[in-house]
Amino acid sequence: MTPTDPAAMRPRRFLPAGPLRGKIRVPGDKSISHRCVMLGALAVGETRVTGLLEGEDVLATAAAMRAMGAEVERTDEGQWSIHGVGVGALLQPRSPLDMGNSGTSTRLLMGLVSSHPITTTFVGDASLSGRPMGRVIDPLRQMGAAFEASEGGRLPLTVRGASPAVPITYRLPVASAQVKSAVLLAGLNTAGITTVIEPVPTRDHSERMLRGFGAELTVEEVNGERVIRLHGEAELKPQVIEVPGDPSSAAFFIVAALVVPGSEVLIQNVGLNPTRAGIVKVLRQMGGQIDEVNARVVGGEPVADLLVRHSPLKGIEVDPAVAPSMIDEFPALFVAAAVAEGTTVTTGLDELRVKESDRITAMAEALTAAGARVRETENGLTVEGSGGDPLRGTAGAIATHLDHRIAMAMAIAGLVSRDGVEVDDTRPIATSFPVFETLLDGLRA
Ligand code: S3P
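Per my numbering: the sequence shown = residues 749 to 1193.
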């Protein structure tokens, strides 16, 4: 997919909507789906997964694990069977691994192959090829892997795995679950104990799932930091896993139901792991009515159905400490802020500049074009809400920059606009949420 190929782009104008009503079930969590496929591909025997997200990003991970020797098969909708090769037994892929748009596939797999005696080349689309990989190259080099990267530590890049790799103790310089996971995955085939220290907690799906697959992993809190220790040369045991719904996908519908007058939507099967649920907390602080029903545990993760009703929202100052637990939800939050009463201030969002797009600039430009009052700062956005009035932008198509979350956020903005919002390309939505438009159209009907 290239943004310079206008003929292939799929634009759509998202029109204003009346009340959204009904119930939807969001697809499987993207982070957890990637990890199921990777760990299943390393466990000897059959891992069975239900509710796997069948988005392009996860399919890129599946193709990569196949290229390295695992059997990864779809048996039915969301149902997958994985026969792994065993830790240490990944095969050298015959051609470069195409990671598409997926940063998670790339960074986690760079970790995995770094402690295997194989040479692997990673390539990706224009968005992924602009993203920094130095943050994973640094610790993986310390473990003994060798890298040849494009300028600025970017894709295409080639990893020569270390055999044997050496265990390290690594304190994360950025709050990143991808960097943490890359080091832990490299630690799987490394003798001794690999330690990651997290000054700021990030999503803990890797830790939960590594334990679930039988790895010896401990987490200790020391002076306010999380110290994660993984015993290497692990033998992973195959699992039966149900993937909970993705809170990052649910976020677009939570915001939609809150901002469209008269709405009442039940969103089923939403993962509410505390390291992911920041958006629910922040929207409640803004006055959003979001009730949790049928709380339960799915696949080792807390899950509930969310009943969301239209609510007049008020602007707030968002505590930057909450950012890691809602790092992918800021585009959706900015839309909520654009129609809230008063000012919403966000800070400490430097990481948003290195996502699938620079989400601070992309959302500032998109919301301004849609008629919202937005000011971009160095590390955040300040949004003056319309107080519930529709957005009155008349500008042309919004540039999504190959970023699924910009496309979905602006689709939701269209629902609360006077004349609709045109998104230049809806194709990127399929990386994380292929049924987004179908679910949205169903709720409008
Ligand atoms: C992810 C971690 C986050 C998030 C990404 C998925 C993961 O990235 O933005 O969509 O699955 O580990 P960072 O770890 O770079 O913050």
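The C-beta atom is built at its ideal place from N, Cα and C for all residues, glycine as well.
As the structure is a prediction and not an experimental result, all values here were calculated from the model.
Determine whether the Cβ of A1161 lies closer than 8 angstroms to any Cβ atom of chain B.
-> Among the chains of the structure shown, chain B does not appear; only one protein chain is present.
For N1042, which residues from the same chain have a beta carbon less than 7 angstroms from its beta carbon, with the 5 sequence-adjacent residues on both sides left out?
-> A1052, D1053
In whole angstroms, what is the alpha-carbon distance linking A982 and T809?
-> Distance between the alpha carbons of A982 and T809 is about 21 angstroms.
Three-state secondary structure (DSSP) at K985?
-> coil
Could you tell me how far apart the beta carbons of P1068 and V948 are, in whole angstroms, since I believe they sit closer than 8 angstroms?
-> Wrong, their Cβ atoms sit about 10 angstroms apart, outside the cutoff.
For the ligand S3P, is there a heavy atom less than 7 angstroms away from the beta-carbon of K1103?
-> yes
Using 10 angstroms around the beta-carbon of R1032, count the other beta-carbons present and answer buried if the total reaches 16, otherwise exposed.
-> exposed
Taking only the alpha-carbon atoms, compute the straight-line gap between S911 and G892 and give it to the nearest angstrom.
-> In a straight line, the C-alpha of S911 is about 8 angstroms away from that of G892.
Are there 16 or more other CB atoms within 10 angstroms of the CB of E821, so buried, or fewer, so exposed?
-> Counting of Cβ neighbours within 10 angstroms places E821 among the exposed residues, the total staying below 16.
Please indicate yes or no: does the CB of E1099 lie closer than 7 angstroms to some heavy atom of the ligand S3P?
-> yes
For H831, which residues of its own chain have a beta-carbon under 6 angstroms away from its beta-carbon, when the five flanking residues on both sides are left out?
-> E794, E819
Look up K1103 in the DSSP assignment and say whether it is helix, strand or coil.
-> coil
Enumerated in chain order, which unbroken segments of the alpha helix (DSSP H) with a length of 4 residues or greater are wholly contained in the stretch 910 to 954?
-> DSSP runs (the alpha helix (DSSP H)) wholly in the stretch 910 to 954: 925 to 936.
Indicate, with yes or no, if the ligand S3P has a heavy atom lying under 7 angstroms from the CB of T717.
-> The structure shown does not extend to residue 717, since the chain is modelled only from 749 to 1193, so the question has no answer here.
Does the beta-carbon distance from H1149 to S1180 come in below 8 angstroms?
-> Their beta carbons are not under 8 angstroms apart, which means H1149 does not touch S1180 by this criterion.
Taking buried to mean at least 16 other C-beta atoms within 10 Å of its own C-beta, is D1189 buried or exposed?
-> Sixteen is the threshold: since fewer than 16 other Cβ atoms of the shown chains lie within 10 Å of the Cβ of D1189, the residue is exposed.
Pair within 8 angstroms by beta-carbon distance, T943 and T917 = For the 8 angstroms CB-CB criterion, T943 and T917 form a contact.
Rounded C-alpha distance that separates S1241 from A939 = For the chain, the structure presents residues 749 to 1193; residue 1241 sits outside this window and is missing.
Pick from L984, D994, I866 that is closest to F961, judged by C-alpha positions = L984
Tell whether a beta-carbon distance below 8 angstroms holds between V797 and K778.
-> Result no, Cβ atoms of V797 and K778 do not sit closer than 8 angstroms.
Rounded to a whole number of angstroms, what is the C-alpha to C-alpha distance between I1027 and A812?
-> 32 angstroms
Three or more beta-carbon pairs under 8 angstroms between the stretch 880 to 888 and the stretch 853 to 864, yes or no?
-> In short, these stretches touch, since the Cβ pair count reaches three.
For S898, which residues from the same chain have a beta carbon less than 8 angstroms from its beta carbon, with the 5 sequence-adjacent residues on both sides left out?
-> S877, P904, L905
Any heavy atom of the ligand S3P closer than 7 angstroms to the Cβ of I1177?
-> no
Hey, out of T1116, A894, S996, M786, whose CA is closest to T856's CA?
-> It is Leu, not Thr, that sits at residue 856 in the sequence shown. Among T1116, A894, S996, M786, the Cα nearest to that of L856 is on M786.
So what's A1080 in DSSP terms, helix, strand or just coil?
-> helix
The stretch 994 to 1010 in contact with the stretch 1047 to 1066 per 3-pair CB rule at 8 angstroms | yes
Does DSSP put I772 in a helix, a strand or coil?
-> strand
Spatially closest choice to D824 from A815, A837, L801, by CA coordinates = L801
Using 7 angstroms as the cut-off, classify the Cβ of R951 as near or not near the heavy atoms of the ligand S3P, replying yes or no.
-> yes
Where does E1113 sit, in a helix, a strand or coil, going by DSSP?
-> helix
State the start and end residues of the unbroken alpha helix (DSSP H) segment that holds P995.
-> 995 to 1007
Helix or strand or just coil, what does DSSP make of S843?
-> coil
Local Cβ density within 10 Å of Q827, reported as buried at 16 or more and exposed below that | exposed
Assuming I780 and V975 form a contact by the criterion Cβ under 8 angstroms, report the distance between their Cβ atoms to the nearest whole angstrom.
-> About 23 angstroms separates the two Cβ atoms, so there is no contact after all.
At what residues does the beta strand (DSSP E) containing E794 begin and finish?
-> 793 to 798
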